[in-house]
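Residue numbers (my numbering): 240 to 368.
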């Protein structure tokens with residue numbers, strides 16, 4: 240069965256990578272459904288129909304959040320970055336820049352001085368070392 244969720248040949252991707260791609264596609268589909276329900280609710284005049292749509296919207300929120308949590312568990316750097324942005328007051332862009340820097344966000348494969356992952360705390364070596 241062909242699919243457009245892969246950008247590389249599926250047979251060359253690990254099962255883990257294929258699952259990750261499926262969950263990313265599902266997350267996108269849930270976000271799209273949320274947008275559709277928001278539009279439908281905004282124009283619906285029948286209160287019973289509107290109540291059903293609001294209930295359905297709640298399901299989409301739940302599914303979106305479950306899929307996002309799955310992806311965060313699969314990619315700790317993504318979670319670390321998100322923790323510096325989500326549910327924070329202040330400027331969203333500034334929070335994003337700070338979270339990216341703190342998570343070593345220059346490169347998902349590394350970012351530390353030695354090419355390893357960065358914890359965003361800087362070097363623990365003294366200048367004399």
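Every residue, glycine too, gets a C-beta built ideally from N, C-alpha and C. Remember, it's a predicted structure, so these values are computed and weren't measured experimentally.
Start-to-end residues for the alpha helix (DSSP H) that takes in residue i
i, result
"residue 243", "No alpha helix (DSSP H) holds residue 243; DSSP gives it neither H nor E."
"residue 252", "Careful: residue 252 lies outside any alpha helix (DSSP H) and carries neither H nor E."
"residue 340", "331-341"
"residue 297", "286-313"
Outcome for residue i when other beta-carbon atoms lying within 10 angstroms are tallied against a minimum of 16
i, result
"residue 346", "Low local confidence applies: a pLDDT of 45 at residue 346 is under 50, so the model's placement there is unreliable, with the coordinate-based value given in what follows. Exposed is the call here."
"residue 290", "exposed"
"residue 251", "exposed"
"residue 329", "exposed"
"residue 333", "exposed"
"residue 269", "buried"
"residue 240", "Any reading at residue 240 must be qualified, since the residue scores a pLDDT of 44, below 50, and its modelled position is unreliable; the value itself is stated next. Burial call: exposed."
Counting beta carbon pairs with one atom in the segment 306-314 and one in the segment 280-298, are three or more of them shorter than 8 angstroms?
no
Using 8 angstroms as the cut-off, can you tell me whether the segment 272-280 makes contact with the segment 319-326, which would need three or more C-beta pairs spanning the two stretches below that distance?
no
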